[in-house]
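Worksheet for the structure shown next.
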Amino acid sequence: MNNTPLHTFHIPVLGLAYTIDSPVKVARYGINSVVSIIEDRLIELMRMHYYKQINKPYIPITPKDDDFRARRITDYLNLINDIVKAQLDNLATAAFEAGSEICKYFDMLPDGHNLRSLYTEMMSTTDRGRRTLLDEVLRKHIRAGRIDVNIMTKVDKNNYNAHGDILTDSSDALAALRGYANSDLTNSAVIFSAGLNPRLFNYLETLPAFHPKGWGIFDKAVVVKVSDYRSALIQGKYLAKKGIWVSEFRIESGLNCGGHAFATDGSLLGPILEEFRTRRDELKDSLHTLYNPVMQQKGLPTFPEPHPLKITVQGGIGTADEANLLLSYYDVASTGWGTPFLLCPEATTVDDATIQKLCAAGEDDIVLSKNSPLGIRFNYLKGTTSEYEKLSRVRAGKPGSPCTEKHLVSNTEFTEKPICTASYAYQKKKIAQLNMLNLSPDEYEKQFKDVVSKECLCVGLSNAAAMQYKLPPFKQMSGVTMCPGPNVAYFTKVVSLKEMVDYIYGRCNIVEGERPHMFIKELSLNIAYLKEQLQELTSANEKAIRELRTFGDNLLAGIAYYRKRTSEFIKQRSDIFTEALNHYEEEVQSLLACKFA
Numbered sequence: 009m010n011n012t013p014l015h016t017f018h019i020p021v022l023g024l025a026y027t028i029d030s031p032v033k034v035a036r037y038g039i040n041s042v043v044s045i046i047e048d049r050l051i052e053l054m055r056m057h058y059y060k061q062i063n064k065p066y067i068p069i070t071p072k073d074d075d076f077r078a079r080r081i082t083d084y085l086n087l088i089n090d091i092v093k094a095q096l097d098n099l100a101t102a103a104f105e106a107g108s109e110i111c112k113y114f115d116m117l118p119d120g121h122n123l124r125s126l127y128t129e130m131m132s133t134t135d136r137g138r139r140t141l142l143d144e145v146l147r148k149h150i151r152a153g154r155i156d157v158n159i160m161t162k163v164d165k166n167n168y169n170a171h172g173d174i175l176t177d178s179s180d181a182l183a184a185l186r187g188y189a190n191s192d193l194t195n196s197a198v199i200f201s202a203g204l205n206p207r208l209f210n211y212l213e214t215l216p217a218f219h220p221k222g223w224g225i226f227d228k229a230v231v232v233k234v235s236d237y238r239s240a241l242i243q244g245k246y247l248a249k250k251g252i253w254v255s256e257f258r259i260e261s262g263l264n265c266g267g268h269a270f271a272t273d274g275s276l277l278g279p280i281l282e283e284f285r286t287r288r289d290e291l292k293d294s295l296h297t298l299y300n301p302v303m304q305q306k307g308l309p310t311f312p313e314p315h316p317l318k319i320t321v322q323g324g325i326g327t328a329d330e331a332n333l334l335l336s337y338y339d340v341a342s343t344g345w346g347t348p349f350l351l352c353p354e355a356t357t358v359d360d361a362t363i364q365k366l367c368a369a370g371e372d373d374i375v376l377s378k379n380s381p382l383g384i385r386f387n388y389l390k391g392t393t394s395e396y397e398k399l400s401r402v403r404a405g406k407p408g409s410p411c412t413e414k415h416l417v418s419n420t421e422f423t424e425k426p427i428c429t430a431s432y433a434y435q436k437k438k439i440a441q442l443n444m445l446n447l448s449p450d451e452y453e454k455q456f457k458d459v460v461s462k463e464c465l466c467v468g469l470s471n472a473a474a475m476q477y478k479l480p481p482f483k484q485m486s487g488v489t490m491c492p493g494p495n496v497a498y499f500t501k502v503v504s505l506k507e508m509v510d511y512i513y514g515r516c517n518i519v520e521g522e523r524p525h526m527f528i529k530e531l532s533l534n535i536a537y538l539k540e541q542l543q544e545l546t547s548a549n550e551k552a553i554r555e556l557r558t559f560g561d562n563l564l565a566g567i568a569y570y571r572k573r574t575s576e577f578i579k580q581r582s583d584i585f586t587e588a589l590n591h592y593e594e595e596v597q598s599l600l601a602c603k604f605a
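Note that the numbering used here has the sequence shown beginning at 9, numbered continuously upward.
Take a look at the structure:
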């Protein structure tokens, strides 16, 4: 089986709803995309929608059914897999004529791809025999893009039976993983994000679906999203000791990405990628050393050479030149383009009103918020219907949300069982506590805003699909939360799938005006974060002082790294890149001198 990707980019997971059915939209063109599988009620709605679409009976899987979460996920993945197979069969038999699906398939391939070259030759040749031969060759090589799934490891609440007992191996993340493992998907991967979850990773060891079928061959591979080399080494070793091979480490910019943003220690993407570039073989060998003996102990096949290990990257990529730099210099296997695809309805599912807000969004409309109930910073589009709903409840004197989904319950400050900090139940108790503390008006207002800023993401990140497909709405809340990366400020119009792909490969332009290089943008976001943290710093917090000094020092080291390689990185207008480095270096030095002199 040829598992080499047809394209040099992938569509990462976007929220809950935004890529929930992206494979149905793009997989038939050989494009890889990622489905979030943690919100099983949304998945049940999508089962209803797509069974109706293909004129097959929809049989609900309800909470009364055994293992309903896993079963919903398994059935939905099987359903979209069957739909993609049928689409591919239709595409493969279509006529090679202008506007046909099969022409679109080959037109969108990268310029240097052998199949695109053969397609171009076939469409231009007047030799009937040659055209027939090329027609047969091209049809034989048509294949779908991967259908991957994402599990955010921190979203893993326990679930209980009717008697109040914890259900074994049925926490949110474990049930989702089991649902994926039991699906028919092959040449697929599960992507773990948000760090190491021992319970989840231990459960992974018990599932044969993740065993290799041969050297480098996995029906279901494991991908781990990481922020740096150290994280990759720790998580990779943890899994290798359980006989699980990580086939890919997916590096994401800490702050220049959509959704939850995990600020690093000031280490920038370029230096992080450099460490992976120079130490990739070391990483692979160290994992193989742990992996092979475990496989032998388990009576499973061992391999003298490590399985292949890919490095991919995503977060803030916005031009073909940036993508080519990552692919060529850092030798990554694929670049992830997430936020720009939110403006491409042929690839993602966003309601019309929110798309228009995204088109109009400027740099100041994307904020690094504290809105996530997980206590992790969250890139957030201001002015959404979900924000309006939230603020309306605050003005009405009833802040907080109805907690219907309960995926993000984690706080036990006032209750024995965890509750969500975005819920009405929590915010009522927390505000009552604030009222008892005799805080100054300014301090009270600050803490009050922090409490009521928390937003229901389970529903807010799901509603777009229910709205767009006219599905039964989630109870009591109809607002849409949108979590793009800062990159969306530079994409201002709705585009077709072909336009988006052509832009990624440098064949057209869809961005107007000036846009900072992704490395410069990430640097500026980290400096803004440093400023914020320094403003909140107290002289008594020695640990925070040390951490922020390290943060600033790492920023300066990153700037020095970029300056040294500017001539390699930047082929056009390198003076602008250098000027930005100089400006931000002075700013960091000034910040550190003022605070730590």
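Beta carbons are placed, not taken as given, at the ideal position from N, Cα and C, and that holds for glycine.
task: Could you name the residues of the same chain whose beta carbon sits closer than 8 Å to that of Leu542, not counting the 5 residues immediately before and after it, in chain order?
output: Leu556, Leu599 and Lys603
- request: Identify, in the order they occur along the chain, each residue of the same chain with its Cβ nearer than 6 Å to the Cβ of Met9, setting aside the five sequence neighbours on each side.
  value: Note that Met9 scores 47 on pLDDT, short of 50, meaning its location in the model is unreliable; the coordinates nonetheless yield the value given after this. Taken in chain order, the list of residues that qualify is empty.
message: Let me confirm a value: Ile28 is counted as buried when at least 16 other C-beta atoms fall within 10 Å, else exposed. Which label applies?
response: buried
task: Tell me Asp694's beta-bridge partners as DSSP assigns them.
output: The chain is shown only over 9 to 605; residue 694 falls outside these bounds and no answer can be derived.
- prompt: Hey, how far is the Cα of Leu505 from the Cα of Trp345?
  reply: 13 Å
message: If you reduce the DSSP assignment to three classes, tell me which class Gln484 lands in.
response: coil
message: I need the straight-line Cα distance from Glu595 to Leu182, nearest angstrom please.
response: 46 Å
- request: Identify, in the order they occur along the chain, each residue of the same chain with its Cβ nearer than 6 Å to the Cβ of Ile69, setting aside the five sequence neighbours on each side.
  value: Contacts found: Phe76, Arg79 and Arg80.
field: Residues near Thr356 by beta carbon distance below 7 Å, same chain, minus five either side
entry: Non-local C-beta neighbours of Thr356 in its own chain, meaning closer than 7 Å and more than five positions away in sequence, comprise Leu22, Tyr26, Thr27, Ser30, Phe349 and Leu350, ordered along the chain.
query: According to the Cβ coordinates, are Leu276 and Leu241 closer than 8 Å?
result: Against a cut-off of 8 Å, the Cβ pair of Leu241 and Leu276 comes out as no contact.
- request: Give, in chain order, every unbroken run of the alpha helix (DSSP H) that is at least 4 residues long and sits entirely within the stretch 161-230.
  value: Unbroken alpha helix (DSSP H) stretches of 4 residues or longer found wholly inside the stretch 161-230: 180-189 and 206-212, given in chain order.
Helix, strand or coil at Asp156 [DSSP, three-state]: strand
field: Assigned exposure category for Asn205 - 16 Cβ within 10 Å defines buried
entry: buried
- request: Work out the CA separation of Lys483 and Ala474 for me, nearest whole Å.
  value: 12 Å
message: Out of Ser431, Asn419, Asn534 and Leu399, which one is the CA nearest neighbour of Glu413?
response: When only C-alpha atoms are compared, the closest one is Ser431.
- request: Have a look at Glu105 and His296 and give me their C-alpha separation to the nearest angstrom.
  value: 49 Å
Opposing strand residues paired with Gln322 [DSSP bridges]: Glu260 and Gly344
Extent of the continuous beta strand (DSSP E) run through Phe386: Phe386 to Leu389
query: Roughly how many angstroms lie between the CA atoms of Lys462 and Val231, to the nearest whole one?
result: 30 Å
query: What runs of the alpha helix (DSSP H), each 4 residues or longer, lie entirely inside the stretch 55-141?
result: 76-100, 109-115 and 122-132
Limits of the unbroken beta strand (DSSP E) element including Leu376: Ile374 to Ser377
query: By how many angstroms is the C-alpha of Arg571 removed from the C-alpha of Thr607?
result: With the chain covering 9 to 605 only, the question about residue 607 has no answer from this structure.
field: Contacts around Thr347, its chain only, beta-carbon distance under 7 Å, and the 5 residues preceding and following it disregarded
entry: Gly266, Pro492, Gly493, Asn495 and Val496
- request: Look up Lys406 in the DSSP assignment and say whether it is helix, strand or coil.
  value: coil
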